[in-house]
Amino acid sequence: MKTKYVIIDHSRPLGPQVAPWGEILRAGGLVAFPTETVYGLGANGLDSEAAKKIYVAKGRPSDNPLILHVLDRDGLAPLVKEIPPLVDRLISEFWPGPLTLVLPKSDIVPTTVTGGGATVAVRAPSQPVARALIAAAGVPLAAPSANLSGRPSPVTAPAVRHDLDGRVDVILDDGACRIGLESTVVSLQENELVIYRPGAITLEMLSAFAPTRLDTALVTGQGIPKAPGMKYRHYAPRVPVYLYTGETEKIRAALAKTYDSRRGYLVSAETARALPAGENIYIWGEAADAAAYAAHLYQGLLYLDETAAEEVYAEGISDQGIGLAVMNRLLKAAAYQVREVK
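Going by full-length UniProt numbering, the first residue of the sequence shown is number 1, and it counts up by one from there.
Okay, structure coming up:
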């Protein structure tokens with residue numbers, strides 16, 4: 001397959017630019033597109049055969065569910081059995097945006113999309129190109145991250161091309177994604193919200209609407225994941241990653257003590273000043289700026305992977321706010337290899 005690469009031109013209306021790719025999606029093709037979180041690999045979410053192409057292109061296990069992308073509540077309604085009042089309040093507050101809702105699926109949603117489960121994950125993205133593409137396709141778009149399975153999610157179109165060139169029909173380039181981490185995934189269980197995957201819609205934000213907790217299990221039943229990204233190793237470069245946790249100053253001292261030019265370092269600007277300058281260091285931002293870490297995490301992992309580092313040492317941060325999502329992704333990238341500094 002020859003993959004087309006299209007740069008979005010914001011001096012022109014979006015509709016006509018994405019219309020041909022909406023037709024490709026309706027015909028069962030694959031389109032990589034930007035969202036506010038990460039780039040997604042889209043297919044017609046109501047077409048089982050089209051959804052299967054996603055799994056093949058990514059090398060993704062078929063029991064790992066896909067998220068359906070819609071424009072609004074009207075797009076959600078046909079996909080689920082019901083929309084509870086609490087979910088309606090969440091939609092009013094957080095849609096369009098980086099919140100994925102897990103609800104019992106309707107009969108029109110193929111089990112190919114749900115990984116064999118009885119629930120479906122749905123969100124409404126806010127990114128203008130994503131919304132224009134959904135409108136052009138006229139169907140919900142099944143779209144996991146646009147990368148090879150298990151690798152760091154792409155936040156730029158060149159990163160998509162690196163993994164999926166020749167595997168998809170087209171890549172739409174609209175620059176870097178604003179948030180840089182996948183959406184929050186949440187389920188309503190009785191009158192409680194359960195977070196399956198943390199993201200930019202934080203536990204603290206959701207707690208304003210209902211009692212909210214983190215899910216502690218990775219899988220349910222006969223090994224069927226409850227939501228995308230729960231079962232398999234994710235977000236990982238090719239080389240081993242080690243996550244350093246503890247007090248900031250102690251982490252900084254430990255990383256300085258362990259410095260080796262053959263290692264890659266994913267660190268804050270303050271920690272970088274304690275290390276020798278070099279191409280093996282990726283600075284994600286100021287230590288207090290967790291949102292900057294979120295936006296640069298995957299780019300940093302991919303960069304260090306390409307520098308031929310033998311291993312990556314990553315600086316941990318507080319798990320408050322979006323820091324919870326950052327630490328979740330770092331733990332998975334590190335395969336839970338944590339070095340707690342005391």
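Ideal placement from N, C-alpha and C gives every residue a C-beta, glycine not left out. Quick caveat, the model's predicted, so the values are computed rather than measured.
- Residue environment analysis places HIS10 among the exposed positions, since fewer than 16 neighbouring C-beta atoms fall within 10 angstroms of its C-beta.
- By the C-beta density criterion, TYR196 is buried, having at least 16 other C-beta atoms within 10 angstroms.
- In this structure, PRO154 sits near ASP163, with a CB-CB distance shorter than 8 Å.
- Rounded to the nearest angstrom, the Cβ distance from GLU247 to ARG213 is 26 Å, too far for a contact under 8 Å.
- Boundaries of the alpha helix (DSSP H) around GLY300: 290-306.
- Judged by their CB atoms, ALA130 and PRO20 are not nearer to each other than the 8 Å cut-off.
- Contact between ALA333 and TYR235 is confirmed by a C-beta separation of about 4 Å, below the 8 Å threshold.
- For SER145, the number of other beta carbons within 10 angstroms of its own is at least 16, and it is reported as buried.
- Sequence-distant partners of PRO84 (beyond 5 residues in either direction) whose C-beta falls short of 7 Å from its own C-beta, in its chain, are LEU188.
- The Cβ atoms of THR3 and VAL168 lie closer than 8 Å to each other.
- For PHE33, there is no enclosing alpha helix (DSSP H); the enclosing beta strand (DSSP E) covers residues 31-33.
- Secondary structure at ARG197: strand, using DSSP grouped into helix, strand and coil.
- According to DSSP, GLU311 shares a beta bridge with ARG263.
- Of the candidates VAL194, PRO237, THR271, PRO237 places its Cα closest to the Cα of ALA309.
- Contact between the region 285-300 and the region 109-125 is absent: fewer than three C-beta pairs spanning the two stretches fall below 8 Å.
- Separation of VAL338 and ILE24 (C-alpha to C-alpha, rounded to the nearest whole angstrom) is 44 Å.
- Exclusion of the five residues before and after ASP173 leaves ILE7, ALA157 as the residues of its chain whose Cβ lies within less than 6 Å of its Cβ.
- With respect to TYR313, ARG252 sits apart: the two C-beta atoms are not nearer than 8 Å.
- The residues LEU76, VAL122, ALA124, ILE134, PRO140, in chain order, have a CB closer than 7 Å to that of VAL70 in the same chain once the five nearest residues on each side in sequence are set aside.
- Of the candidates GLU82, LYS81, THR100, the residue whose Cα lies closest to the Cα of LEU90 is THR100.
- Assignment of ILE108 by DSSP, reduced to helix, strand and coil, places it in the coil class.
- Scanning ASP47, ALA200, LEU331, PRO16 for the CA closest to the CA of ILE179 turns up ALA200.
- Residue range 184-189 is occupied by the beta strand (DSSP E) that includes GLN189.
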